[in-house]
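Heads up, the thing below is written out as structure tokens.
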Ligand code: TXA
Ligand code: MG
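Residue numbers (UniProt numbering): 1 to 316.
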């Protein structure tokens, strides 16, 4: 791939204006959201969207999330439902993605949807993401801003380490507060949890007043991009560890001796925010990683989902 210079844009008016101008020119810009950094391109421009897949080295056309400024904009692209209204009122802007049927005349590139008749939409809460969407004035397709299969980025430095030379710019907004990708809910049928994420499934069920359908991984109905091996560090990952063995470094949870602790006070929100940055640091040691157990409720379900994928057998 032809290398280009990746510029670092600052979190001010000039940086946001430049980022919007690059998006309008069909270029790719990584930007912070409250979950992880996204690799943004104009969702209506097939060439820009194709460039996202190329920059990430994404092996196949997995559908992408369209990021929009507000509910009104989302409704231009998808058929709205009562459940969508309840969830958007409760949780947007925020770490929630809704999958809904595409509307006639939507104008979104089919590379975004990978040819499906549904679109994943999200209104991010991060002030820089909001400012960028307002300045750009259109839908922004954005997967996480990491090379395909690697650990997701929660700082601008993570993005530079993975994608320098492949994208036009990174808008630097410091660390992401939530630290896990958005929770994805399918609403083109009975409400279903397609990907656990930064908003606990229990909170969504409380607003809907009913349990979410949960599809097993690998189920054709679940988020098609949920590959089993993902978020992979270079070394092996062993889960459920009570101590490091041999050469391993230990990723802890709760009060314990370890190399990195997700949360010494056993706080799942703090653990979510620390997860990817801790994995990046342990990965840099080049040693295998042992991981202490994390409780499986609330945000712990999403943390364990990411850890299982990090530990899964790799294709390559
Ligand atoms: O927090 C996030 O969601 C971040 C930030 C940047 O917003 N984005 C993100 O995108 O995690 P990505 O591409 O890494 O994950 C998008 C997921 C994939 O698993 C994909 O299969 C699923 O969304 N998806 C997208 N469109 C879909 C659709 N129409 N139906 C079902 N799943 C869909
Ligand atoms: Mg991703």
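No residue lacks a Cβ here, since even glycine has one placed at the ideal position from N, Cα and C. From a predicted model like this one, the values you see are computed outputs, not experimental measurements.
Classify residue i as helix, strand or coil using the three-state DSSP reduction.
{"i": "residue 197", "result": "coil"}
{"i": "residue 45", "result": "coil"}
{"i": "residue 270", "result": "helix"}
{"i": "residue 228", "result": "coil"}
{"i": "residue 213", "result": "strand"}
{"i": "residue 67", "result": "strand"}
{"i": "residue 10", "result": "coil"}
{"i": "residue 248", "result": "coil"}
{"i": "residue 238", "result": "strand"}
{"i": "residue 57", "result": "coil"}
{"i": "residue 206", "result": "helix"}
{"i": "residue 72", "result": "helix"}
{"i": "residue 39", "result": "strand"}
{"i": "residue 311", "result": "helix"}
{"i": "residue 30", "result": "strand"}
{"i": "residue 221", "result": "Caution applies to residue 221, whose pLDDT of 48 falls short of 50 and renders its modelled position unreliable; the value that the coordinates give is listed next. Here residue 221 sits in coil by DSSP."}
{"i": "residue 16", "result": "helix"}
{"i": "residue 52", "result": "helix"}
{"i": "residue 24", "result": "helix"}
{"i": "residue 2", "result": "coil"}
{"i": "residue 316", "result": "Unreliable positioning characterises residue 316 in this predicted model, as indicated by a pLDDT of 45, which lies under 50. The coordinate reading is nonetheless provided below. Residue 316: coil per DSSP, three-state reduction."}
Residues in its own chain within less than 7 Å of residue i by CB, not counting five upstream and five downstream?
{"i": "residue 200", "result": "298 and 299"}
{"i": "residue 305", "result": "196"}
{"i": "residue 188", "result": "99, 100, 101 and 118"}
{"i": "residue 269", "result": "299"}
{"i": "residue 164", "result": "6"}
{"i": "residue 115", "result": "none"}
{"i": "residue 95", "result": "34, 35, 178, 182, 183, 197, 198 and 199"}
{"i": "residue 256", "result": "292"}
{"i": "residue 220", "result": "Interpretation of residue 220 is limited by its pLDDT of 48, a score under 50 that renders its predicted location unreliable; the figure taken from the coordinates is listed afterwards. Around residue 220: no qualifying Cβ."}
{"i": "residue 20", "result": "132, 135 and 136"}
{"i": "residue 316", "result": "With a pLDDT of 45 at residue 316, under the threshold of 50, the predicted position of this residue should be treated as unreliable, and no value is reported."}
{"i": "residue 55", "result": "28, 39, 163, 166 and 167"}
{"i": "residue 149", "result": "229, 230 and 232"}
Examine ligand 3 and report whether any of its heavy atoms sits within less than 7 Å of the Cβ of residue i.
{"i": "residue 152", "result": "Ligand 3 is not part of the structure shown, which contains ligand 1 and ligand 2 as its ligands."}
Apart from the five residues just before and just after residue i, which ones in its own chain have a Cβ nearer than 6 Å to its Cβ?
{"i": "residue 27", "result": "168"}
{"i": "residue 290", "result": "238, 241, 244, 248 and 250"}
{"i": "residue 155", "result": "175"}
{"i": "residue 159", "result": "30, 37, 145, 153 and 170"}
{"i": "residue 308", "result": "none"}
{"i": "residue 18", "result": "9"}
{"i": "residue 266", "result": "254"}
{"i": "residue 48", "result": "26, 41 and 42"}
{"i": "residue 120", "result": "65, 97 and 99"}
Using CA coordinates, which residue listed in the options is at the minimum distance from residue i?
{"i": "residue 111", "options": "276, 60 and 310", "result": "60"}
{"i": "residue 171", "options": "128, 233 and 75", "result": "128"}
{"i": "residue 157", "options": "57, 36, 235 and 105", "result": "36"}
{"i": "residue 285", "options": "85, 58, 96 and 235", "result": "235"}
{"i": "residue 214", "options": "184, 206 and 232", "result": "184"}
{"i": "residue 88", "options": "50, 33 and 203", "result": "203"}
{"i": "residue 182", "options": "152, 21, 166 and 252", "result": "152"}
{"i": "residue 44", "options": "13, 33 and 141", "result": "141"}
{"i": "residue 173", "options": "2, 4 and 16", "result": "16"}
{"i": "residue 272", "options": "23, 93 and 294", "result": "294"}
{"i": "residue 246", "options": "207, 257, 287 and 252", "result": "287"}
{"i": "residue 107", "options": "136, 143 and 46", "result": "46"}
{"i": "residue 91", "options": "71, 104 and 50", "result": "71"}
{"i": "residue 3", "options": "67, 166, 193 and 210", "result": "166"}
{"i": "residue 85", "options": "25, 257, 39 and 207", "result": "207"}
{"i": "residue 69", "options": "133, 103, 25 and 53", "result": "133"}
{"i": "residue 325", "options": "232, 314, 312 and 313", "result": "Absent from the model: residue 325. The displayed extent of the chain is 1 to 316, so no value can be given."}
{"i": "residue 161", "options": "63, 120, 277 and 58", "result": "277"}
{"i": "residue 139", "options": "67, 57 and 104", "result": "67"}
{"i": "residue 105", "options": "62, 125, 75 and 230", "result": "75"}
{"i": "residue 58", "options": "147, 311, 180 and 301", "result": "147"}
{"i": "residue 73", "options": "103, 252, 209 and 263", "result": "103"}
{"i": "residue 93", "options": "130, 12 and 50", "result": "130"}
Below 8 Å CB to CB, which residues in the same chain sit around residue i once its five sequence neighbours on both sides are set aside?
{"i": "residue 281", "result": "260"}
{"i": "residue 81", "result": "100 and 187"}
{"i": "residue 212", "result": "185, 191, 192, 193, 201, 204 and 205"}
{"i": "residue 283", "result": "151, 233, 234, 235 and 289"}
Does the beta carbon of residue i sit closer than 8 Å to a beta carbon anywhere in chain B?
{"i": "residue 179", "result": "Absence of chain B from the displayed structure is noted, only one protein chain being present."}
Worksheet entry | Segments of 4+ residues assigned as alpha helix (DSSP H) that fall wholly inside the region 111 to 194 | Uninterrupted alpha helix (DSSP H) stretches at least 4 residues long and entirely within the region 111 to 194 occur at 127 to 136 and 156 to 163, given in chain order.
Fill in: beta strand (DSSP E) segments (min. 3 residues) lying fully within the region 78 to 114
Within the region 78 to 114, the complete beta strand (DSSP E) runs of at least 3 residues are 96 to 101.
Discussion item. For a minimum of 3 consecutive residues, which ranges assigned as the beta strand (DSSP E) are wholly contained in the region 253 to 308?
Written reply: Taking only runs of at least 3 residues, the beta strand (DSSP E) segments lying wholly in the region 253 to 308 are 289 to 291.
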